[in-house]
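>
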Amino acid sequence: MKAYQTLLYYCYSPIEDAEEFADKHLAFCKSLGLVGRIIVADEGLNGTVSGSPESCKAYMDAVYADGRFNHTEFKIDEVDEPSFIKMHCRYKSEIVHSGLRNPEIINPNKETGIHLEPQDFLAMKDRDDVVVLDVRSNYEHNVGRFKNAVTLDMENFREFPEKVKELEQYKGKKILTYCTGGIKCEKASALLLKEGFEEVYQLHGGIIKYGKEAGGEDFEGKCYVFDNRVTVDVNSVNPVVVSTCKNCGRTTPKMINCANPDCNEHFTQCDDCGEELAGCCSAECMTHPRKREYDGTGYYVKVPQPVNAEKISKRKHKNFSIQK
Numbered sequence: 275m276k277a278y279q280t281l282l283y284y285c286y287s288p289i290e291d292a293e294e295f296a297d298k299h300l301a302f303c304k305s306l307g308l309v310g311r312i313i314v315a316d317e318g319l320n321g322t323v324s325g326s327p328e329s330c331k332a333y334m335d336a337v338y339a340d341g342r343f344n345h346t347e348f349k350i351d352e353v354d355e356p357s358f359i360k361m362h363c364r365y366k367s368e369i370v371h372s373g374l375r376n377p378e379i380i381n382p383n384k385e386t387g388i389h390l391e392p393q394d395f396l397a398m399k400d401r402d403d404v405v406v407l408d409v410r411s412n413y414e415h416n417v418g419r420f421k422n423a424v425t426l427d428m429e430n431f432r433e434f435p436e437k438v439k440e441l442e443q444y445k446g447k448k449i450l451t452y453c454t455g456g457i458k459c460e461k462a463s464a465l466l467l468k469e470g471f472e473e474v475y476q477l478h479g480g481i482i483k484y485g486k487e488a489g490g491e492d493f494e495g496k497c498y499v500f501d502n503r504v505t506v507d508v509n510s511v512n513p514v515v516v517s518t519c520k521n522c523g524r525t526t527p528k529m530i531n532c533a534n535p536d537c538n539e540h541f542t543q544c545d546d547c548g549e550e551l552a553g554c555c556s557a558e559c560m561t562h563p564r565k566r567e568y569d570g571t572g573y574y575v576k577v578p579q580p581v582n583a584e585k586i587s588k589r590k591h592k593n594f595s596i597q598k
């Protein structure tokens with residue numbers, strides 16, 4: 275057993291006073307000694323936290339003890355060191371930015387694609403009447419994806435609703451959606467159903483669970499994760515590297531963020547080009563006056579801003595006064 279654990283999870287469940295909840299939840303996580311990133315919205319929770327096994331168990335127990343979140347499924351990775359440096363918990367309009375905020379139109383608690391367990395996904399994915407659809411962004415599927423999967427040219431998941439029209443050719447087939455941990459598929463599959471796709475499925479637990487329970491078979495490359503590991507191995511059956519260095523074109527599994535903070539592009543880069551360009555995507559970015567020091571990882575810590583409950587209260591009061 276390794277010294278630390280990293281928990282990946284989400285839960286669609288309505289939260290009253292979600293902004294206040296985010297503030298209290300941040301304090302609770304810090305009291306456990308956890309580090310990580312949690313998004314709180316009126317529609318639920320989405321988080322990755324890391325800490326000692328004892329702290330992680332205490333956190334999971336507390337989440338399950340709250341009746342709103344007792345159907346949460348945690349994906350647990352054992353790690354040598356915490357996967358974050360800071361702990362922050364923020365209120366946002368959605369737990370994953372899709373633009374599909376109206377629960378009267380898309381509500382994962384009411385209708386989504388059929389959840390497939392990893393072994394069932396494995397059994398179905400190569401059938402002639404099936405299309406495997408990656409609903410993640412470009413930088414994610416560029417570093418790793420399922421063999422023969424359909425990918426979409428998206429910089430962010432919020433573009434997915436506009437991309438659905440490109441999938442019309444697959445109507446009449448079974449659509450198997452997948453993402454990192456399952457959260458994007460909840461709304462993606464629901465939207466596909468709304469747009470007339472009749473047989474829609476989603477990989478339950480996403481790529482991470484598939485790696486643990488099905489050996490990651492036919493997932494080519496690595497899986498991008500939203501912490502300082504950047505990418506993780508998935509396939510222990512027939513692994514292959516599919517990504518190439520943006521600068522020289524050589525095969526490489528390494529993904530970094532550009533050292534120019536104004537660029538901050540996610541891209542794959544080999545070690546040689548990383549040294550030559552100091553972790554930048556281009557020579558132009560190397561000249562930026564605020565260029566961050568490249569330590570070989572290409573991961574840069576964002577300084578979290580805690581939820582300011584007093585500011586929130588003032589804003590609510592102001593909005594109420596305006597409405598009156």
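Residues 275 to 598 (our numbering) are what the sequence shown spells out, left to right.
Quick reminder that beta carbons are idealized off the backbone N, C-alpha and C, glycines included.
Because the structure is a prediction, the values reported are computed rather than measured.
1) Comparing alpha-carbon positions, which option in Arg566, Gln279, Ser411 and Gly321 lies nearest cysteine 497?
2) Below 8 Å, can you find three or more Cβ-Cβ pairs linking the stretch 380-398 to the stretch 471-483?
3) For valine 577, does the count of other Cβ atoms within 10 angstroms reach 16, so buried, or fall short, so exposed?
4) Among residues of its own chain, excluding the 5 on either side of proline 535, which ones have a beta-carbon nearer than 7 Å to its beta-carbon?
5) Buried or exposed: arginine 503, going by 16 or more other Cβ atoms within 10 Å of its Cβ?
6) Nearest-angstrom Cα distance between phenylalanine 614 and lysine 448?
7) Could you please give the first and the last residue of the uninterrupted beta strand (DSSP E) stretch that includes valine 406?
8) Nearest by alpha-carbon distance to tyrosine 278: which of Asn538, Lys439 and Gly310 is it?
9) For alanine 488, which residues of its own chain have a beta-carbon under 6 Å away from its beta-carbon, when the five flanking residues on both sides are left out?
10) Rounded to a whole number of angstroms, what is the C-alpha to C-alpha distance between valine 506 and valine 499?
11) Which one or two residues does DSSP pair with glutamate 352 in a beta bridge?
12) Should serine 326 be counted as a contact of the ligand MG given a C-beta to heavy atom distance under 7 Å?
13) For lysine 448, report the span of its beta strand (DSSP E) as first-last.
14) Compare the beta carbon distance of glutamate 537 and asparagine 521 with 8 Å and say whether it is the shorter of the two.
15) Taking the C-alpha atoms as reference points, what is the distance between histidine 371 and lysine 486?
16) Should the stretch 455-471 be regarded as contacting the stretch 369-383, the criterion being three or more beta carbon pairs within less than 8 Å?
17) For the putative contact between cysteine 519 and threonine 542, defined by C-beta atoms under 8 Å, what is the C-beta separation to the nearest angstrom?
18) Can you give the Cα-Cα distance for asparagine 430 and isoleucine 379, rounded to whole angstroms?
19) DSSP state of arginine 342, grouped into three classes?
20) Might you give, ordered along the chain, the residues of its own chain that have their beta carbon closer than 7 Å to the beta carbon of tyrosine 286, omitting 5 neighbours on each side?
So, from the listed chains and residues:
1) Of the candidates Arg566, Gln279, Ser411 and Gly321, the one whose C-alpha sits nearest the C-alpha of cysteine 497 is Ser411.
2) yes
3) Confidence in valine 577 is poor, its pLDDT being 44 and thus under 50, which makes the residue's placement too unreliable to answer from.
4) Setting aside the 5 residues that flank it on each side, proline 535 is surrounded in the same chain by Arg564 and Arg566, each with a C-beta closer than 7 Å to its C-beta; the list follows chain order.
5) buried
6) The displayed coordinates of the chain run from 275 to 598. Any statement about residue 614 would go beyond what the structure contains.
7) Residue range 404-408 is occupied by the beta strand (DSSP E) that includes valine 406.
8) Gly310
9) Pro392, Gln393 and Leu396
10) 7 Å
11) Gln279
12) The ligand MG is absent from the structure shown, which contains no ligand whatsoever.
13) 448-452
14) The residue you asked about is not glutamate; residue 537 is cysteine in the sequence shown. Not a contact, by the Cβ cut-off of 8 Å.
15) 27 Å
16) yes
17) 6 Å
18) 21 Å
19) Of the three classes helix, strand and coil, the one that applies to arginine 342 here is helix, per DSSP.
20) The residues are Glu317, Gly318, Pro382, Asn383 and Glu460.
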